[in-house]
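Protein chains in written order, with this note's numbering: chain A, 277 to 631; chain B, 277 to 631.
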């Protein structure tokens, strides 16, 4: 990315672009059409909605967290009626609840959900939700922004019609590039979707991508970065990338449990671990001490979880030693802040899980 | 930009963000509200439309080129009626034509135009258009994506309500970050604008910017880059940046004229020079030879101008020696391709103009 900026109408760009589009499919994996957009994750969520739905359509939003709730905000903005299937933060929505709503209302056009809910560390069981949706006409639209690379999001096997991800999560790149896949069913829906759209209109992208260009200027530096990230994934193998995320998130969970703490999520994601803190420990102070004493950046609790939860990510190209380092730093800082536990047990549990 | 990625919820981000937002105002210059968006130029054009207008509104699009025509496409996508005030590519729309349409139709809600039309190298006289619009209720919305840094776009002095630019033009950064200013009149229009919007909704940006954050993940790497670009501008002085663009574009024009060629645009911009080629010279071949023999990248003709026009940009942080280099390379390549002229006259004319 630090090399000279590739001219997006220059002779080398089409090969770069078509190569990353093909290779990005291996991340999910998917054989579907794949689009690269210049936006944040929220932008590609809007792209998924406006390309497949119409004002007045009814959809199910299955969510229990900050980023799932964004689906509702986007649908509301476009006059799409939301049947909310929600739960307490930290829970995951069961597929049977979605199946029930679909059976009760045949007019539902789509089910929108989040694979890994970053605000709570919870994972939705997309294969189960996909089975629930498969008996109905509704499209399944999945925000995989923070889950792709941590979990498979196999669009054909799971029955996912639209899958999303972003550059700044599992791919370890700066933010600004987003990815959307579209099944044949979703592409057919796009033909009839009445939501107004220009910037995110995939028909513009489809027309120009066949010429190796974007319809507008693409973030060329991030596309060069994506090439490098995809090469790293190819080298490691996507199955091993998933294994690594499972191993590292598992190690963080074992470490947490070994010192008497709990994960906030009922069904924890392998992208990050949200840790419920004991009453005596303020999460904001914990984050500050980790940053000041160890240079370690972890996430705080969002909204009403501020101070009550901290979130430890292992998304991207994290090493096992990075995990050992953060567990060690957490142990030392919790002890310093007066939390009582068997010193050394967290790092021992993490070490054992990392193998 | 090559440093560690700044965490967009980390402690250092708010100061960085509020600093670049304030300093970016000096580029236009403007005292208006300013927003940074994660999108290409087309995205921020859509943001300007959806935040200030409603379906069924009537607007004037004043354009004579590829990027001006994009205003019409965006308005069409949102059900906004366009009164087209257009002209042949290479011309600029006179302010009196816009004044005439505004007088004839009091329902016009906005005038949308382009300061520097990159497809033709033409400049619109924004001060004159601003005067024409000032007698009416309509908002003036100006695409300054490729003109900011090359020309002033003084929002208060010219009467511009919404001004746009992007990271990849005058600021010399990679693409992916866009800038929009909003006058008080435009902000009031936004309160009543009925176009559906979520990602580009400035009320979301306004709410989070006061906390030093974006409503979604901002392209933090580009924001660090913007900090560096704004420091360069501050160092040189924005008036000198405008002078430099005027001097360098002037030198390219003098060089072109000295060898019997013409600028394609009637009123050439200081951001780039579109050169009309003689029948005997194919523009595509000229570009290829410049690239292969000199490593020099210039733009080709878009749409029906392919092969008939080449476009030489001096936008960004270009040195006078860069201009001498491209003029010399152009002379040698035109001579090699059989175009007859007084050898050495182009570089002499450029040298004289550069002073």
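Even for Gly, the Cβ is constructed at its ideal location relative to N, Cα and C.
On a predicted model such as this, the values are computed, not experimentally measured, just so you know.
Residue nearest to residue i in terms of C-alpha spacing, selected from the options
i                      : options                    : result
residue 386 of chain B : B/392, B/394, B/439, B/580 : B/439
residue 296 of chain B : B/592, B/362, B/526, B/510 : B/510
residue 321 of chain A : A/348, A/540, A/605, A/308 : A/348
residue 367 of chain A : A/539, A/319, A/423        : A/539
residue 481 of chain A : A/306, A/449, A/323, A/562 : A/323
residue 391 of chain B : B/350, B/353, B/344, B/363 : B/344
residue 381 of chain B : B/397, B/412, B/365, B/389 : B/412
residue 521 of chain A : A/463, A/473, A/537, A/598 : A/598
residue 461 of chain A : A/535, A/327, A/474, A/490 : A/327
residue 293 of chain A : A/494, A/607, A/420, A/573 : A/494
residue 475 of chain A : B/336, B/290, B/542, B/352 : B/352
residue 464 of chain B : B/451, B/512, B/415        : B/415
residue 634 of chain A : A/572, A/451, A/389        : With chain A covering only 277 through 631, there is no way to say anything about residue 634 of chain A.
residue 288 of chain A : B/564, B/570, B/604        : B/564
residue 286 of chain B : A/621, A/596, A/572        : A/572
residue 632 of chain B : B/359, B/291, B/357, B/533 : Any question about residue 632 of chain B goes unanswered here, given that chain B covers just 277 to 631.
Burial state of residue i (16 or more Cβ within 10 Å)
i                      : result
residue 580 of chain B : exposed
residue 302 of chain B : exposed
residue 515 of chain B : exposed
residue 278 of chain B : exposed
residue 419 of chain B : buried
residue 483 of chain A : exposed
residue 406 of chain B : buried
residue 490 of chain A : buried
residue 472 of chain B : buried
residue 530 of chain A : buried
residue 486 of chain A : exposed
Cβ neighbours of residue i in the same chain (closer than 8 angstroms, five flanking residues each side left out)
i                      : result
residue 600 of chain B : 623, 626, 627, 630
residue 340 of chain A : 362, 363, 364, 365, 366, 367, 368, 369, 393, 396, 398
residue 619 of chain B : 607, 611
residue 284 of chain B : 489, 490, 493, 494, 496
Partners in chain B for residue i, counting only beta-carbon separations shorter than 8 angstroms
i                      : result
residue 573 of chain A : 283, 286
residue 322 of chain A : 474, 475
Cβ neighbours of residue i in the same chain (closer than 6 angstroms, five flanking residues each side left out)
i                      : result
residue 403 of chain A : 434
residue 304 of chain B : 429, 431, 439
residue 355 of chain A : 331
residue 299 of chain A : 506
residue 311 of chain B : 456, 478, 481
Contacts of residue i in chain A (Cβ-Cβ under 7 angstroms)
i                      : result
residue 472 of chain B : 353, 354, 355, 472
residue 318 of chain B : 475, 492
Neighbourhood of residue i by C-beta, 7 angstroms cutoff - its chain only, sequence neighbours within 5 removed
i                      : result
residue 557 of chain A : 610, 613, 615
residue 517 of chain A : 425, 509
residue 224 of chain B : Since the displayed chain B opens at 277 and closes at 631, residue 224 of chain B lies outside it and no answer follows.
residue 449 of chain A : 443, 498, 501, 502, 505
residue 594 of chain B : 524
residue 546 of chain B : 426, 427, 521, 522, 525
residue 422 of chain B : 392, 394, 445, 547, 591
residue 470 of chain B : 330, 331
residue 588 of chain B : 528, 548, 549, 551, 574, 602
residue 621 of chain B : 534, 535
Neighbouring residues, chain B, relative to residue i (Cβ below 7 angstroms)
i                      : result
residue 597 of chain A : Under the 7 angstroms cutoff, chain B gives no residues; its nearest Cβ is about 18 angstroms from residue 597 of chain A.
residue 350 of chain A : 474
residue 444 of chain A : 493
residue 496 of chain A : 450, 451
Cβ distance (whole Å) where residue i is taken to contact residue j below 8 angstroms
i                      : j                      : result
residue 383 of chain B : residue 334 of chain B : 5 angstroms
residue 453 of chain A : residue 409 of chain A : Not confirmed; about 28 angstroms, so no contact.
residue 318 of chain A : residue 500 of chain B : Actually they do not touch by this definition, with Cβ atoms about 21 angstroms apart.
residue 447 of chain A : residue 308 of chain A : With 8 angstroms as the limit, residue 447 of chain A and residue 308 of chain A do not qualify as a contact, their Cβ atoms being about 18 angstroms apart.
residue 525 of chain B : residue 468 of chain B : Actually they are not in contact, since the Cβ atoms of residue 525 of chain B and residue 468 of chain B sit about 40 angstroms apart, beyond 8 angstroms.
residue 551 of chain B : residue 586 of chain B : 5 angstroms
residue 401 of chain A : residue 417 of chain A : About 16 angstroms separates the two Cβ atoms, so there is no contact after all.
residue 617 of chain A : residue 488 of chain A : With 8 angstroms as the limit, residue 617 of chain A and residue 488 of chain A do not qualify as a contact, their Cβ atoms being about 57 angstroms apart.
residue 336 of chain B : residue 374 of chain B : 6 angstroms
residue 316 of chain A : residue 314 of chain B : 5 angstroms
residue 566 of chain B : residue 605 of chain B : 6 angstroms
Listed by chain order, chain A residues near residue i by CB distance under 8 angstroms
i                      : result
residue 315 of chain B : 314, 315, 319, 475
Chain-ordered neighbours of residue i on chain B, where CB pairs are closer than 9 angstroms
i                      : result
residue 278 of chain A : 277, 278
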